Every structure is written in structure tokens, then in C-alpha cells.
Amino acid sequence: MNYTLSLKLLLFSFLFIPLLTFSQNVTGKIMDGSTNLPLAGANVIIKGTNTGAQTDFDGNFSLNVDSFPVTLTVSSLGFETVEQVVNEPGVVNITLKESATALNEIVVTGLASSTKRSNSANAVASISASDLTGVTVQSGLDGALYGKFNGAEIKANSGAPGGGISMRLRGVTSIFGDQQPLFVVDGVYVDNSSIGLGNNVVSQAAGGGNPSTNQDDASNRIADIDPEDIESVEILKGASAAAIYGSRAAGGVVIIKTKRGKQGKPTVQFSQVVGLRSPTQLLGLRDYTQAQITALGGPSNPVLRDYEAELFDHTRVSTTTRFSTSGAKDDTDYFLGATHRDEPGLVDNTGYTKSSVRLNVGQRFNDWLDIYVTSNYINSKADRGFFNNGNANRTVGYALAFTYPWEDLSPVNGVYPQGGAGSNVLETVALTTNREEVNRFIGSAKSNIKLLTTDQHRLKLVLEGGFDQYTLRTTSIFPKSLSYFASPTSLGGVSISGTTINTNYNLSAFLVHNFDLDNGLSFTTQLGSFYQDFDRNTVITIATGLNGSQTNLGQSTNVSTQQIIRPQQDTGFFVQEEINYNDQIIGTIGLRGDKSTNNGDANKMYYYPKANLAVNIHKFDFWSLDEVSYLKPRIAYGEAGRFSNFNDRFTPMNPQFIGGQSGLSPGNLRGNPNVGPERQSELEYGLDFGLLDSRLNFEISFYNKKIDDLLIQSQVPTTTGFTNQVVNGGELENKGIELGLNANIMEKDDFSWKAGIKWWKNKSEVTRLDVPSFTTGGFAASLGTFLIQEGKSATQIVGTFDATAFTPEEIAARDPEGDGFFVYGNAEPDFQMSWFNEINYKRFDFTFLWHWKKGGDNINLTTLLYDLAGTTWDYNDTGLDPSGQLSNGDYRASQAFVNPDPVIEDAGYLKLREVGVFYTLPSDLIKYANQIRVGVSGRNLINIFDYNSYDPEVSNFGNNVLGNNVEVTPYPTSKFVNFHLNVTF
Numbered sequence: 001m002n003y004t005l006s007l008k009l010l011l012f013s014f015l016f017i018p019l020l021t022f023s024q025n026v027t028g029k030i031m032d033g034s035t036n037l038p039l040a041g042a043n044v045i046i047k048g049t050n051t052g053a054q055t056d057f058d059g060n061f062s063l064n065v066d067s068f069p070v071t072l073t074v075s076s077l078g079f080e081t082v083e084q085v086v087n088e089p090g091v092v093n094i095t096l097k098e099s100a101t102a103l104n105e106i107v108v109t110g111l112a113s114s115t116k117r118s119n120s121a122n123a124v125a126s127i128s129a130s131d132l133t134g135v136t137v138q139s140g141l142d143g144a145l146y147g148k149f150n151g152a153e154i155k156a157n158s159g160a161p162g163g164g165i166s167m168r169l170r171g172v173t174s175i176f177g178d179q180q181p182l183f184v185v186d187g188v189y190v191d192n193s194s195i196g197l198g199n200n201v202v203s204q205a206a207g208g209g210n211p212s213t214n215q216d217d218a219s220n221r222i223a224d225i226d227p228e229d230i231e232s233v234e235i236l237k238g239a240s241a242a243a244i245y246g247s248r249a250a251g252g253v254v255i256i257k258t259k260r261g262k263q264g265k266p267t268v269q270f271s272q273v274v275g276l277r278s279p280t281q282l283l284g285l286r287d288y289t290q291a292q293i294t295a296l297g298g299p300s301n302p303v304l305r306d307y308e309a310e311l312f313d314h315t316r317v318s319t320t321t322r323f324s325t326s327g328a329k330d331d332t333d334y335f336l337g338a339t340h341r342d343e344p345g346l347v348d349n350t351g352y353t354k355s356s357v358r359l360n361v362g363q364r365f366n367d368w369l370d371i372y373v374t375s376n377y378i379n380s381k382a383d384r385g386f387f388n389n390g391n392a393n394r395t396v397g398y399a400l401a402f403t404y405p406w407e408d409l410s411p412v413n414g415v416y417p418q419g420g421a422g423s424n425v426l427e428t429v430a431l432t433t434n435r436e437e438v439n440r441f442i443g444s445a446k447s448n449i450k451l452l453t454t455d456q457h458r459l460k461l462v463l464e465g466g467f468d469q470y471t472l473r474t475t476s477i478f479p480k481s482l483s484y485f486a487s488p489t490s491l492g493g494v495s496i497s498g499t500t501i502n503t504n505y506n507l508s509a510f511l512v513h514n515f516d517l518d519n520g521l522s523f524t525t526q527l528g529s530f531y532q533d534f535d536r537n538t539v540i541t542i543a544t545g546l547n548g549s550q551t552n553l554g555q556s557t558n559v560s561t562q563q564i565i566r567p568q569q570d571t572g573f574f575v576q577e578e579i580n581y582n583d584q585i586i587g588t589i590g591l592r593g594d595k596s597t598n599n600g601d602a603n604k605m606y607y608y609p610k611a612n613l614a615v616n617i618h619k620f621d622f623w624s625l626d627e628v629s630y631l632k633p634r635i636a637y638g639e640a641g642r643f644s645n646f647n648d649r650f651t652p653m654n655p656q657f658i659g660g661q662s663g664l665s666p667g668n669l670r671g672n673p674n675v676g677p678e679r680q681s682e683l684e685y686g687l688d689f690g691l692l693d694s695r696l697n698f699e700i701s702f703y704n705k706k707i708d709d710l711l712i713q714s715q716v717p718t719t720t721g722f723t724n725q726v727v728n729g730g731e732l733e734n735k736g737i738e739l740g741l742n743a744n745i746m747e748k749d750d751f752s753w754k755a756g757i758k759w760w761k762n763k764s765e766v767t768r769l770d771v772p773s774f775t776t777g778g779f780a781a782s783l784g785t786f787l788i789q790e791g792k793s794a795t796q797i798v799g800t801f802d803a804t805a806f807t808p809e810e811i812a813a814r815d816p817e818g819d820g821f822f823v824y825g826n827a828e829p830d831f832q833m834s835w836f837n838e839i840n841y842k843r844f845d846f847t848f849l850w851h852w853k854k855g856g857d858n859i860n861l862t863t864l865l866y867d868l869a870g871t872t873w874d875y876n877d878t879g880l881d882p883s884g885q886l887s888n889g890d891y892r893a894s895q896a897f898v899n900p901d902p903v904i905e906d907a908g909y910l911k912l913r914e915v916g917v918f919y920t921l922p923s924d925l926i927k928y929a930n931q932i933r934v935g936v937s938g939r940n941l942i943n944i945f946d947y948n949s950y951d952p953e954v955s956n957f958g959n960n961v962l963g964n965n966v967e968v969t970p971y972p973t974s975k976f977v978n979f980h981l982n983v984t985f
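What follows is the structure, encoded as C-alpha cells:
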């Protein structure tokens, strides 16, 4: 018995005494200092070791400590890192403060990984929810991005309700391809197409020198996304960062993450915004003399009627109602948000309504499995009016140019007179319909499966899927009663019905392995594959010769149908290795491979490598300069691409009807079975540094971006039976600089002031062209157009000239190639700059954003049309004619179709993009409300420019980014004043 008892005591001693010695426990809770809520996912590490833990959903952690004292390092993305000395076992509670700088923001580095901004080797732009919608209400995501990040040229296509922008990141990236960036929402590759309505049959816009049928002022589909749902936006502006997206990233990538629930009590928020919409500016009437009225066929002493004011000079009331609730407890989090927006347009019978509902749910099943599901349903309707180019004088703006103020266009007994312009603008506004209706669902699911977790190794499988489907229904009705359909030889009324069904889905699977060594080295390896399917089917049916007042397609004399089907399947892989040494040296190498059915050889794999390096010099032991808070030089290289267009590999067939038999004949464009993607390579290098304890934070970036294998049309011998073929046959280059400064100017208990300045500049050059120089993007060289020419800017604007007005020496100097063109301008801005300020005083918040675009020219054909009619607002002014003999209108008209210089104008501006003043009421004012915030805000309230039209932000050709500076009688732009009520329960 004694022997047995002694043995038990001995065994107990071997087990228990070491536990007392080596398993001393430290527990505690990490709190979010801004919300006073537990902080999940924070890292608690014993300094100088790899021993650590991560807080659970309640902010709790537990550590076994060998010996004391120890220093605990507590960190979390978006918060200041805290170090605390612990001398004995027990409970340690620590509160983290939000970072005063953006250095701890999380940014994307791979398809399944991310890192702190302080370790990033790229200038990734990040926009938070408060930056997007914290100042003023936004109609859509497109308008919420203006001036908020470096390297972008964003331009509204018109002022029509429902959005519509062209967006270019770091310069021109294609001549004929789509230059819009890729938009990824919660892992879903969302479609951002701009689909025409088929109105060319009435407007005849494509018959005026430019065959583009994309002149219907259609909106972009990214306008469907509700900015109120967004948590953050990251912009990968060039291939050095966007190489992870391969052949879809030549235009850059915009990564959007929507909101999800946070730990703590459920939160309910309600907001109501009432807005006032009015025109940015009106152009007014010409200051006619009686002699001028008589010369234009007008009567004596007429009463002048301002039809522009009748159409546009309105103040409309808009409303935005928002409800959201969110929360998280234990292993489940949720977010539910709903928005309804009603925005009447300036013009009667135009406007935009949208309803959006989002539900995001996350569930952690156990320590090794979780899933996060997002879903978003959008329903919208946009009545956009009938504007832009129209060579039959039927669009509102075009006809307004030729409408004289002494005409009486009012209806008599319900019947409108036709008017001298060929159409009656009042009639067009009252009777025509030009509508887009969208039903859209966007959903995603992501699951993390932890396969292995040890002190040094972590291996997980990341599965992700996304789905985006919408039905776009377009309706255009031009009833038979319209005065310009009175002639028996006219179209006799037109009804156009369009349906687009777009379905995208993407699937991916990645393995992510983390390996941490005792010497401070850590490795993150990811390897995976993906599959993406895109299918768009557009059917437009056009009925002419309507029966009486009927608008049904079947109640017509003639019916024609157009169908465009664009299927595409992409697949490939991605592999990447990230190496981090103590957050001092961070390097990454990676490779993506893509193949697509859009390429000439659908089975050929195209490869896109990337590599980058960042060095946090301030984290080395030798660093002793206290005034410099951090210093990080960085360099990054990457390649990306743009798939060839769906029809480039095929020879289009034209329908024929001969001898009573239908058939097909080849078109003039020969398909190219060897066509491949455009390829882009970018070298970016820069320096990030902070001064005065990170109160001043600077970011400097330079880039050199080359686009090779440009898709262009090459002439082929007519003996082949064709005239053109799409080939990879050119190269262009963009060079630029981006500067940023964020300053925490003052921080006190009851007063704070933060400011940010961004400045950016880009220059492009066509460095190789395998075909002769050619013009594109405009209507005609006599009206101004782009000339794609080796050794010159890709955005230069050229035109014809009057040879009798110049000496041979002058012509030789301005037209050295002898091609008959002078260079009159450039669409590329000289530079852009934005200035943001946020001032908080006690319960008041004051915020504003200025945006300055210096230079960059537009082709203003609106003014030219008014000149030709003799109705221009500044017709009688002087100063343009070099001889000083002609008025402005007479001079511009005299140069029409010979010298486009007078209509190529500086499109620079200075705009107050956003301004807001808010007041937070005392928290005990209403029992059940945690916070009540009221305020007033404005969008585009101040607009300073010399441009001779409604607004220099305009594009007749929609989101055609190369030709996005051509104006033809657009829908006027608006400014907004909004009144806010925000309540949090």
C-alpha cells in the first residue's frame, strides 16, 4: 500500500508541478474604444515569440505564459497597436483606439488574402462608407466616387436621372476596347454594361458621320448598386496591383465590400432625406436685335418665349428613405438594409426610382468552418428623356437649338404644331417615352475551411461563388400623333421594346497556407483555380407604322427585330507567395493564367505575372529619427489584359433576301482566328512616409504602364472578299504621378480638423502602330476627332483647316506629316486635384470636398448647332474672331465644317462636389434613440468653368471612354440640396 501511494504521489508531482511552473494563465478581453464593444479577431502575441491567440466573438482571449514579466502586443486592422507589460498571471483587459491614419487598413493582395496597408507595395486607394455617403446622399455608386481617389478620370455622360458615367484609371488603356474597370462586389463579378435602347431609327444619330448606335444616353448598370450598403471600396488602378484579376483587369479593378453585422447589441438605423434638385446653370436667350429677328424670318416686335427655361428651369423634390438593422452574437452575424429612392428629373416626365434590399448573413459553425452569404435585390426605373445627337432634329436638345423664341409651340385643342425646327420640343417631352426598367439579383457565398492549425502552420480552403442576373427592359414610344409623323411618308409612329437578360456567375477554390518561423519570417502561399461564365442576350423589337393611338408592337405595319447574344466562359489559375520578415521587408510574387472563349484560340493560356517589394525602414533597429513616424519605399510590377471582343474571331454574316429566298453573305470584316487579348504591363514605385507622430501622412507614386497587342482594325486586300480585320497591332504607354497628403491638423476633446489633398497627372503616347494613322471617336475631322498616330498622344484632338488662312510655312509647322490635320487640343487633363476637409466641433460636423480638373478639351457640338441656327446665347458677343470683325456666333458658324478650333474647348472645372453640416442631438433627448443626427448637405453647389455649355462633364457616346469628350445637346446637369434626419436605435 505504501509503495502504491508513493508511486501515485510521484506521478502526481510529475504532472502537477510542471503545470504550476509552465502553464500560468493570462486571460482578458479586448475592447473597441470607439464603440465600447468587444473586438473580435484581435491578435494578442507575447512579444519576441510566436506564442499568441486571437480574440473570439466576445473579445476574449487566453494565453499560457511560461514566465513573467512578459509584454503583450495587441493589434487589429484599423486600430493602433498596443503593448502592455504583464508581471503576473491574471486578467488583463485592453482597449484599442482606432488608427489615426490609414496604415492599418486592410487591402487586397491576392484573390484569397489581404494585408495591412502599411505592408502593401501598391498604391491601393480605399474609400470608406463615411467617405462615400457620410456627407451627402448619392443617387448611385458612380456619382459617389468623384474626386475621392487618385488616378481616375470620372465623367458623367449627362444629367439624366439614373446615372451613367465613363471611368478611366491611369489613362487610356485601349482604342476600341472597353476601358471601364472591373467591378467586384463581395466576390461577384458584376456587369457594368451600357445597353442602347434602339432609338436610332427615330433620332438617326448614327447617320451623322459616326456609325455608333450607342448615342441613346443609356445608363451604366453599376448605378444599380446602392452606396448605402457599402462598407468599403478599394481601387486597384493598374496592372501592378490588378494582375491577380488577369485578363479582366486592364482597366483596373474596383473591389466593393458591403456591410455586415458587428458584435454587440442589435442596431437599428433609420434615415430620411428630402432633396431639392435644380439646374446647374441655364444658358439663356440670345440678345436679339429686331434686324436679327427679321433676318431669321421672325415677326416685328415679337414676344420672346424662353423654351429652355420652360423645359429645364424647375426645382424638383426628391426623397430617399433608408432602414437597416444589424448585429452579431456568438457565431452569427447579420445585416439587413433597405433603401427607396425617388428622384424626379428636371424635365417633365423624366425621373429615377429605385428600391434595393440587402441581406448579409455570416455563420461560424465551429472552430474550422464558417460561411458568409450576401444577397441583394434591386428594382429600378429610369425615364431619361430623348436627348443627345439626333440628325432628324427630333431629340429635345437638338430641336431646341433650332427653335426660335418667337414661335408658339403650345398645343391648340390638344394638337401640337410642328414648329420650325422639324419637331416640337414641348410635344416631345409631353408625349414620348424613353425608359429603362431593371430587376436584378446579386448574391455570393464564401466559406473558409480550416484544414490545419498548429503553432507554425495554418492551412485553409477558401470556396467562393458569385451570381449576378438582371433583366433590363427598355421601352421607347414615339406615338403616331407626333407632328413629325404627320407626313404619309414618315415612320408613322414608332414603338421600341428591348429586353436584355444578363447572367454572370463565378466560382473559385483556393488553398491558403501560412507558415511562421521563429526568426520572424512568415510565408503566405495561395493556390487556386476559377471558372467564370458570362451570358448576355439582348433582343430589340422595333415597330413602325402604328395603328392610331396604339403602341403595342403587334398594332403596327412593320416589325423588325435585332438580337445580340454574347456568351463567354473563362477559366484559369492563380498562385502567389507572400514573404514577410517582421513587417520590415515584405515581398510578393505571383502568377495568373487565363483562357477564354473570346480569344482566337479558346484553349490557349495567357499568363500574367506580378512581383512587388515594400520595406518599412522605420521598423529596423537602426532607425532613430523620431520626427519621421514611418518610411516605406515600395516597388511593384504586374501584368494584366483585356480579352478580345466576342465577335473579333468571327466573320459576321449579313442577312440577304434574293429571288424570294433568304440567306447569308459574309460581311466586310474578316474574322481572325489568331486574335488574342490586349496585354498590359505596369511598373509602379513610390514612397510612403509620416511625420509628427503620423499627423502628416504622405504618399507618392510613379507609374509606367504599357499596353501591347492593341486591338485595332487593319485593312486587308479586297481580293480576299473583305476590307478589314481585327488584329493585335499596336502599343501605347501611360506615364503618371500621384501625390497624396492626409493631415490630422488638430485633435482636441471638443474640436478636430482632418484634411486630405490628392493630386494626379497622366500622359499617354502611342509608341507603336502597325497600321497607318487613323481617326476615331468623333463625327468628322472637320468637326474635331481623335487621331491615333505613332509617337503622339492617344487623346490628341485634330481637325481640318482652311489652307487659305495660313502661310505654307505655318502649315508645314503645324502639319509636318502633311495629312491635312492640325492638332487643336487634347482630352487628357493637365492634372486633377481634390481637397477634403472634416471639421468637428462639439456636436457639429462640417465636411466639404473640392475637385479641380485643370485642362482637358471637349468637342462642343451643342454650341455649333445653336450657331448654325442663330440662337446661341452668346451669339452677339465678341472676342473669338482673330480679326475682330465677326461676333462669336458668326465666327463659329463661318468656321463650321472647315476649322473645328472654335468648338474644341477647355473642359476644366472647379467644383464643390460635396458639402455638409450636421448636428448630433443630445443622447437623452428621446428615450429609445441612441443617436439623432440632423443636417443639410449639397452636391455640385458651386461649379466654376469657362466651358460654353451646361457642364463640361458630358459624353454623347456614353461609356466609350476614348470618345467621352464629345457633346451633342445633352440632358442638363443638376445641383442638389438635401435635408437629413438620421436616427440610431
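Numbering-wise (this note's numbering), the sequence shown opens with residue 1 and increments by one.
Quick reminder that beta carbons are idealized off the backbone N, C-alpha and C, glycines included.
Here the structure is a predicted model, which is why all the values come from computation and not from measurement.
With residue 135 as the anchor, note down where its beta strand (DSSP E) starts and where it stops. Where residue 135 is concerned, there is no enclosing beta strand (DSSP E), because DSSP gives it neither an H nor an E.
Just to check, is the beta-carbon of residue 253 closer than 7 Å to a non-hydrogen atom of the ligand SAM? Looking at this structure, you won't find the ligand SAM or any other ligand, since it has none at all.
With a CB to CB cut of under 8 Å and the five nearest residues on each side skipped, what residues in its chain are close to residue 724? Only residues of its own chain outside the window of five on either side were considered, and among them 668, 669, 670, 713, 714, 715, 716 have a CB closer than 8 Å to the CB of residue 724, listed in chain order.
Give me the residue from 495, 871, 933 with the minimum Cα distance to residue 549. Residue 495 is the option with its Cα nearest to residue 549.
Flag this pair as yes or no: are the beta carbons of residue 336 and residue 308 separated by less than 8 Å? Contact flag unset, no.
When you compare the stretch 381 to 400 with the stretch 358 to 366, are there three or more beta-carbon pairs, one atom per stretch, that lie closer than 8 Å? The stretch 381 to 400, when compared against the stretch 358 to 366, does not touch it at the 8 Å Cβ threshold.
How about residue 69 and residue 26: do their beta carbons lie closer than 8 Å? Not closer than 8 Å, so no.
Starting from the Cα of residue 992, find the closest Cα among 437, 402, 433, 438 and give me that residue. In the structure displayed, the chain extends from 1 to 985; residue 992 sits before or after that span and is not available.
Could you say which of 254, 316, 595, 501 lies nearest to residue 107 if we only look at CA atoms? Out of 254, 316, 595, 501, the CA that lies nearest to the CA of residue 107 is found in 254.
Residues in the same chain with beta-carbon distance under 7 Å from residue 729, minus the five sequence neighbours each way, listed in chain order, please. Apart from the 5 residues on each side of it in sequence, residue 729 sits with its Cβ closer than 7 Å to the Cβ of 710, 712, 714, 770, 771 in its chain, given in chain order.
Got a sec, what are the start and stop residues for the alpha helix (DSSP H) residue 310 sits in? Secondary structure note for residue 310: its alpha helix (DSSP H) is the uninterrupted segment 307 to 312.
Looking at residue 632: is its Cβ nearer than 8 Å to the Cβ of residue 616? A contact, by the Cβ cut-off of 8 Å.
If distances are taken between C-alpha atoms only, which option among 872, 540, 468, 623 comes closest to residue 903? The shortest Cα separation from residue 903 among 872, 540, 468, 623 belongs to 872.
Cβ neighbours of residue 85 in the same chain (closer than 6 Å, five flanking residues each side left out): The beta carbon of residue 85 is closer than 6 Å to those of 69, 71 in its chain, skipping five residues each way along the sequence.
Selection from 135, 839, 183 that minimises the alpha carbon distance to residue 228: Ranking the options by Cα distance to residue 228, first place goes to 135.
Under a three-way DSSP split, which group does residue 675 fall into? In the structure shown, residue 675 sits in coil (DSSP, three-state: anything other than H, G, I, E or B).
Three-state secondary structure (DSSP) of residue 93: Residue 93: coil per DSSP, three-state reduction.
Could you tell me if residue 220 is buried or exposed, where buried requires 16 or more neighbouring beta carbons within 10 angstroms of its beta carbon? By the beta-carbon neighbour count (other beta carbons within 10 angstroms, threshold 16), residue 220 is buried.
May I ask you to report which of helix, strand or coil DSSP gives residue 973? Annotated three-state conformation of residue 973 is coil, per DSSP.
Whole-angstrom distance between residue 295 and residue 648, CA atom to CA atom: If you draw a straight line from the Cα of residue 648 to the Cα of residue 295, it is about 53 Å long.
Exposure of residue 22, with buried meaning 16 or more beta-carbon neighbours within 10 Å: Its pLDDT being 45, under 50, residue 22 is placed unreliably in this model, and the value from its coordinates should be taken loosely. Looking at its Cβ environment, which holds fewer than 16 other Cβ atoms inside 10 Å, residue 22 is exposed.
Coarse secondary structure for residue 502, derived from DSSP in three states: Here residue 502 carries a strand assignment [DSSP, helix/strand/coil].
In chain order, each alpha helix (DSSP H) run of at least 4 residues that lies wholly inside the stretch 803 to 829: Entirely contained in the stretch 803 to 829, the alpha helix (DSSP H) runs reaching 4 residues are, in chain order, 808 to 814.
Please state the DSSP three-state secondary structure of residue 227. Here DSSP, grouped into helix, strand and coil, assigns residue 227 to helix.
What distance in whole Å lies between the Cβ atoms of residue 531 and residue 441, which are believed to be in contact at a cut-off of 8 Å? Actually they are not in contact, since the Cβ atoms of residue 441 and residue 531 sit about 20 Å apart, beyond 8 Å.
Short check: CB of residue 165 to CB of residue 142, under 8 Å? Yes; because the gap between Cβ atoms is below 8 Å, this pair is in contact.
Residue 560, DSSP secondary structure in three states: Strand at residue 560.
Within the continuous alpha helix (DSSP H) that includes residue 427, where are the two ends? In the DSSP assignment, residue 427 falls within the alpha helix (DSSP H) that extends over 425 to 431.
Starting from the Cα of residue 889, find the closest Cα among 864, 803, 661 and give me that residue. Selected option, being the one with the closest Cα: 864.
Euclidean distance between Cα positions of residue 483 and residue 867: Answer to the nearest angstrom: the Cα atoms are 25 Å apart.
Where does residue 203 fall in DSSP's three states? It is helical.
DSSP on residue 680, reduced to helix/strand/coil? Correct three-state label for residue 680: strand.
Reference residue 738; option with closest CA among 601, 688, 131: Of the listed residues, the one whose Cα sits closest to residue 738 is 688.
Closest residue to residue 860 among 967, 758, 767 (Cα-Cα distance): Of the listed residues, the one whose Cα sits closest to residue 860 is 967.
Is residue 972 near residue 159, with beta carbons less than 8 Å apart? Yes.
First and last residue of the beta strand (DSSP E) that includes residue 912? Looking at the DSSP string, the run of the beta strand (DSSP E) that includes residue 912 is 909 to 920.
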